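The structure appears below as structure tokens.
Written out as structure tokens, the structure reads:
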């Protein structure tokens with residue numbers, strides 16, 4: 097059996113926080129589930145209290161998905177859409193221009209197509225339309241004959257456009273997970289994960305809400321006998337879209353999100369998934385093997401998002417709903433080109449933003465940054481804001497200026513609630529929305545100094561919220577403890593992500609027997625502990641020309657590495673101490 101350790105070395109400064117589960121609970125879980133103590137410790141650290149909780153967590157089956165009716169507003173929404181489908185009304189759909197909104201709109205469109213319904217789709221243009229439904233979108237869908245309007249991943253703050261829809265006689269159903277305002281827009285139903293009878297639904301995104309709505313709608317149509325004369329849609333084939341949107345939005349992978357993503361990744365891994373997804377996998381460099389969370393977050397989702405950032409998100413929507421292989425290949429190649437263009441533009445804006453950030457901190461030191469630049473592409477300011485926030489360890493707003501108007505995006509850092517911080521300054525914005533970790537907005541250029549002052553002062557009032565989260569360590573372990581069967585057990589805990597972190601163990605008391613630094617700063621190490629030897633590979637472990645650091649402790653994640661039909665243990669290092 098080949099043993100490797102893959103190293104990711106960007107966490108030398110983070111505090112290590114050792115979790116301390118109840119030993120009796122760990123022993124009980126290990127005994128009841130026939131698990132190693134280390135695996136039982138991880139379950140206990142994830143809040144698993146009972147055998148039933150553990151079995152539900154480990155299985156994460158679709159049968160455990162919450163009944164959609166637990167979500168407020170689901171009843172009137174499903175009944176109205178069922179009537180629209182039976183009576184051949186035109187249904188208007190507006191989806192946001194990011195991956196979550198696009199995948200949600202794609203699910204709705206595909207279902208309506210399978211049900212034989214008439215649907216009119218609108219995806220806003222990021223630059224021309226801005227965030228939100230927009231009155232022009234409402235009028236356009238009304239002109240196409242829509243009598244029902246469904247929004248996905250937007251709409252909860254769009255009072256005026258939805259009031260226009262009501263005035264025109266359109267019934268509106270809002271699917272949105274962003275922070276709701278004090279008063280809700282006029283709509284037949286507002287379906288938001290916050291308002292649910294089940295805590296398992298509390299973190300659903302737009303694409304997750306779309307899936308739940310379609311599950312309820314399919315059942316409603318079944319009750320009326322609608323599917324007796326038409327093939328009933330198989331919603332399992334929609335799970336790839338629900339998973340894609342959920343992962344792209346970095347939603348916590350707990351409760352229903354974890355169920356949707358686990359099943360959706362299996363669907364994405366199929367060789368016969370939808371033409372658009374297969375084509376996107378090919379241009380992303382994914383083979384026919386298993387598709388994981390990292391593949392979605394760093395290969396598939398960026399290409400879908402690139403359409404809305406650099407051109408029009410409709411290109412990505414068309415890819416996901418197309419049925420012809422040739423069209424799918426053409427659109428996937430186009431999105432790949434958009435993504436390459438996005439990278440170049442992003443790096444250019446980032447260089448300028450970093451310089452402005454440094455100058456800003458020299459002039460006025462603080463915990464928050466607001467930077468703006470003429471001609472900065474509005475499609476990349478969110479990505480740049482995220483990188484600025486991480487580089488400078490504080491919330492960041494990045495604003496692209498054009499003809500006196502700023503199109504901005506903000507990203508939080510640590511536990512700082514950016515939406516809550518900026519909400520008292522809503523009078524500065526012409527458009528504003530988001531959630532605790534990310535916001536989007538439009539404002540006049542002359543308002544930026546006041547916005548910057550406010551954010552710096554507000555961040556200074558809660559320095560504890562800006563403390564970088566530590567690296568959570570599940571337990572201490574010997575190299576001998578971390579074997580292939582344990583890694584296989586941990587695969588049952590996947591998918592990993594926000595809310596369900598990977599199992600991490602601290603290893604110490606080893607020595608580096610041999611080491612070799614390779615091109616790119618990678619290093620190959622042979623470790624030894626109590627007579628046991630393990631090979632280690634560290635990617636980007638050192639800068640060019642530098643020597644290998646001296647390690648005293650490693651934080652590792654046990655994984656199963658599959659290559660050419662063989663399985664081996666792979667310990668991926670997520671931190672080290674010198």
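Residue numbers (our numbering): 97 to 674.
Just so it is clear, CB atoms sit at the ideal spot from N, CA and C, and this is done for glycine as well.
From a predicted model like this one, the values you see are computed outputs, not experimental measurements.
- Cβ-Cβ distances below 6 Å link residue 610 to 622 in the same chain, with the five nearest sequence neighbours on each side left out; the list follows chain order.
- The secondary-structure analysis by DSSP pairs residue 528 across a beta bridge with 537.
- When the beta-carbon positions are compared, residue 400 and residue 195 come within less than 8 Å of each other.
- The shortest CA-to-CA distance from residue 482 to any of 655, 506, 451, 432 is the one to 506.
- In this structure, the straight-line span from the alpha carbon of residue 200 to that of residue 593 is close to 20 Å.
- Cβ contact annotation for residue 205 (same chain, cutoff 7 Å, sequence separation greater than five): 189, 215, 217, 417, in chain order.
- In this structure residue 332 is exposed. Its beta-carbon is surrounded by fewer than 16 other beta-carbon atoms within 10 angstroms.
- In the DSSP annotation of this structure, the continuous segment of the alpha helix (DSSP H) that includes residue 255 starts and ends at 255 to 264.
- Remark: three or more beta-carbon pairs, one from each stretch, lie closer than 8 Å, so the segment 342 to 358 and the segment 388 to 405 are flagged as touching.
- The segment 359 to 368 makes no contact with the segment 567 to 583; the number of CB pairs closer than 8 Å stays below 3.
- For residue 522, the closest of 118, 207, 277, 182 by C-alpha to C-alpha distance is 277.
- Three or more beta-carbon pairs separated by less than 8 Å are not found between the segment 574 to 591 and the segment 483 to 493, which leaves the two stretches without contact.
- The way I'd put it, the segment 157 to 177 does touch the segment 304 to 319; three or more beta-carbon pairs between them come closer than 8 Å.
- Taking 8 Å as the upper bound for CB-CB distance, residue 468 and residue 544 are in contact here, some 6 Å apart.
- A contact is defined here as three or more CB-CB pairs under 8 Å, and the segment 598 to 610 meets this definition with respect to the segment 645 to 653.
- Ranked by Cα distance from residue 120, the options 561, 145, 112 are led by 145.
- Runs of the beta strand (DSSP E) lying entirely within the segment 446 to 519 and spanning at least 3 residues, in chain order: 465 to 470, 492 to 498, 501 to 507.
- Measuring C-alpha to C-alpha distances from residue 526 to each of 253, 164, 149 identifies 253 as the nearest.
- DSSP, reduced to helix, strand and coil, places residue 365 outside both helices and strands of the structure shown, so it counts as coil.
- If one requires a minimum length of 4 residues, the alpha helix (DSSP H) runs lying completely within the segment 137 to 204 are 147 to 155, 170 to 182, in chain order.
- Cα atoms of residue 661 and residue 385: separation of roughly 11 Å, rounded to the nearest angstrom.
- Here residue 408 carries a coil assignment [DSSP, helix/strand/coil].
- Taken atom to atom, the span from the alpha-carbon of residue 117 to that of residue 138 is near 9 Å.
- Contact check for residue 191 and residue 249: beta-carbon distance about 6 Å, within the 8 Å limit, so the pair qualifies.
- According to the DSSP assignment, residue 612 belongs to the beta strand (DSSP E) that extends over 607 to 613.
- One thing to note: residue 514 has its Cβ within 8 Å of the Cβ of residue 535.
- Boundaries around residue 554 are those of the alpha helix (DSSP H), 544 to 557, since no beta strand (DSSP E) includes it.
- With respect to the C-alpha of residue 424, the residue from 625, 412, 382 having the closest C-alpha is 412.
- Within the same chain, Cβ atoms closer than 8 Å to the Cβ of residue 670 are found at 104, 107, 567, 598, 600, 651, 652, 653, the five residues on either side in sequence being excluded.
- With respect to residue 302, residue 341 sits close: the two C-beta atoms are nearer than 8 Å.
- Beta-bridge pairing by DSSP links residue 323 to no other residue.
- Shown here, residue 243 sits in a strand according to DSSP, grouped into three states.
- With contacts defined as CB atoms closer than 8 Å, residue 360 and residue 335 qualify as a contacting pair.
- Within the DSSP bridge table, the entry for residue 657 names 664 as partners.
- Note on geometry: alpha-carbon atoms of residue 589 and residue 153 lie some 7 Å from one another.
- Taking residue 166 as the centre and dropping the five residues before and after it, the same chain places the C-beta of 292, 293, 294, 297 closer than 7 Å to its C-beta, in chain order.
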